[in-house]
Amino acid sequence: MVPKMHEWSLAAGIIQTVEDECRRQSITRVQSLELSVGELAQIEVDTLREALSHLKKGTAMSGSRITIRKERTRMSCRKCMHAWSFMESRKQLSPLQKGGDNAVHYLPSTVNAFITCPSCGSPDFDIVSGFGLSIMSFTADGRKRA
Ligand SMILES: [Zn+2]
Numbered sequence: 010m011v012p013k014m015h016e017w018s019l020a021a022g023i024i025q026t027v028e029d030e031c032r033r034q035s036i037t038r039v040q041s042l043e044l045s046v047g048e049l050a051q052i053e054v055d056t057l058r059e060a061l062s063h064l065k066k067g068t069a070m071s072g073s074r075i076t077i078r079k080e081r082t083r084m085s086c087r088k089c090m091h092a093w094s095f096m097e098s099r100k101q102l103s104p105l106q107k108g109g110d111n112a113v114h115y116l117p118s119t120v121n122a123f124i125t126c127p128s129c130g131s132p133d134f135d136i137v138s139g140f141g142l143s144i145m146s147f148t149a150d151g152r153k154r155a
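Once you know that position 41 of the sequence shown is 50 in the numbering used here, the rest is easy, because the numbers rise by one and skip nothing.
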């Protein structure tokens, strides 16, 4: 098993970002933080959660509640402009391609190799959402910050 460095470095990045923001806005305590993780983001949510709970100690986020939402991956065809979700495409894949129930096997960079537009069949499409990690919002000193 490869060490989960990926999730740990992402967690460190999130905490750094929030800490910077706290310093800028003179915030001393973060109450809650909402994150969004895309289906195709190749992130293990449990590992990320564990990393965050370790790394937030001693920061303004130490007592915060962290919510992690899964964001659906959506594609948009460049040819016919049809938009669809990764879930729809998964139905078309073979069991081997599906790799069980784990969307973590899919890299945004390779997804075009085995998914085509359900409307016109073109492999030329964009992934418009659900491929990364983002901070949706956080609450601090009793106020919601974007
Ligand atoms: Zn199309």
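Each residue gets a CB set at the ideal place from its N, CA and C atoms; glycine is no exception.
Could you tell me if T37 is buried or exposed, where buried requires 16 or more neighbouring beta carbons within 10 angstroms of its beta carbon?
Exposed is the call here.
Taking 8 Å as the limit between beta carbons, can you name the residues of its chain near T76, skipping five residues before and five after?
Within the same chain, T76 has close Cβ partners S41, L42, E43 and L44.
Does DSSP put M96 in a helix, in a strand, or in coil?
M96 falls in the helix class under three-state DSSP.
Does the distance between the C-beta of S98 and the nearest non-hydrogen atom of ligand 1 fall short of 7 Å?
Checking every heavy atom of ligand 1 against the Cβ of S98, none is found closer than 7 Å.
Restricting to Cα atoms, I'd like to know which of T68, C126 and R83 is closest to E50.
Note on identity: in this sequence residue 50 is Ala, with Glu being the wrong assignment. The shortest C-alpha separation from A50 is found at R83.
From the DSSP secondary-structure annotation, give me the bridge partner or partners of A149.
Beta-bridge pairing links A149 to V39 and R152.
Give every residue whose Cβ lies closer than 6 Å to any heavy atom of ligand 1, listed in chain order.
Every residue passing the under-6 Å Cβ criterion appears here: C86, K88, C89, H91, C126, S128, C129 and S131.
According to DSSP, D133 sits in a beta bridge with which residue or residues?
The partner list for D133 (beta bridge, DSSP) is empty, contrary to what the question assumes.
Which stretch, first to last residue, makes up the beta strand (DSSP E) that contains R83?
Its beta strand (DSSP E) spans residues R83 to C86.
To which residues of the same chain is D110 closer than 8 Å at the C-beta, ignoring the five residues directly before and after it?
Only weak support is given to the placement of D110: the predicted model assigns it a pLDDT of 48, under 50, and the question is left unresolved by the model.
Does the beta-carbon of E48 have 16 or more other beta-carbons within 10 angstroms, so that it is buried, or is it exposed?
By the 10 Å Cβ count, E48 comes out buried.
Would you mind stating whether E53 and E97 have Cβ atoms separated by less than 8 Å?
Taking 8 Å as the Cβ cut-off, E53 and E97 do not qualify as a contacting pair.
From C86 to S131, what distance separates their C-alpha atoms?
Rounded to the nearest angstrom, the two C-alpha atoms are 7 Å apart.
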